[in-house]
Amino acid sequence: MTGPQWMDEEAGPLVRPYALTGGRARHSGAKLDLITMVTTTGSPRDVPGIGPEQRRILEIARRGASVADIASDIDLPLGVVRVLIGDLHDLGLVDVRAPGKVAPLPSERILKEVINGLRAL
């Protein structure tokens with residue numbers, strides 16, 4: 006009998022997502038929402054111990070991308086990507102920026118006045 010299969014014919018080497026994060030499900034650093042913007046601030050060549058997934062995150066973040074976009078591009082679960090981005094943030098290799106404030110929605114009264122004004126035309 007042979008040992009466990011660590012290769013998938015179509016996918017290549019199999020690595021469980023929890024192995025990429027050292028078993029961590031959360032990162033204690035910056036808050037990372039789906040729409041938090043991530044940009045590269047440093048060079049991955051100078052930092053030992055960065056895995057291929059984190060190097061890929063740094064490539065994507067060069068142009069600036071949201072956490073959700075990065076997770077989609079590297080095809081990893083969102084929780085794993087958040088931990089990896091958090092680690093990169095702790096190393097000073099990425100900057101995370103919360104999305105801009107959204108203007109408050111107009112009140113119902115204003116919307117009714119606009120509708121009545123349009124009907125009057």
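When you line the sequence shown up against my numbering, it's residues 6 to 126, in that order. Just so you know, even glycine gets a beta-carbon here, dropped at the ideal spot from N, CA and C.
Per DSSP, Arg67 lies in no beta strand (DSSP E) and is assigned neither H nor E.
Cβ atoms of Leu93 and Val72 stay farther apart than 8 Å, at about 12 Å. DSSP places Asp100 inside the beta strand (DSSP E), whose first and last residues are Val99 to Arg102. Selection Ala125, Arg68, Ser112 and Gly91 evaluated against Gln59 yields Gly91 as nearest (Cα-Cα).
Under the three-state reduction of DSSP output, Val88 falls in the helix class. For Ser71, the pairing in a beta bridge is given by DSSP as Met42. Taking 9 Å as the cut-off, the Cβ atoms of Thr44 and Ala66 count as close. Thr46 places its beta carbon 9 Å or farther from that of Ala103. In this structure Leu37 is in contact with Arg87, their Cβ atoms being roughly 5 Å apart against a cut-off of 8 Å.
In the structure shown, Ile55 falls within a coil segment according to DSSP collapsed to helix, strand and coil.
DSSP places Lys117 inside the alpha helix (DSSP H), whose first and last residues are Glu113 to Ala125. Residue environment for Val85: buried (at least 16 other C-beta atoms within 10 angstroms of its C-beta).
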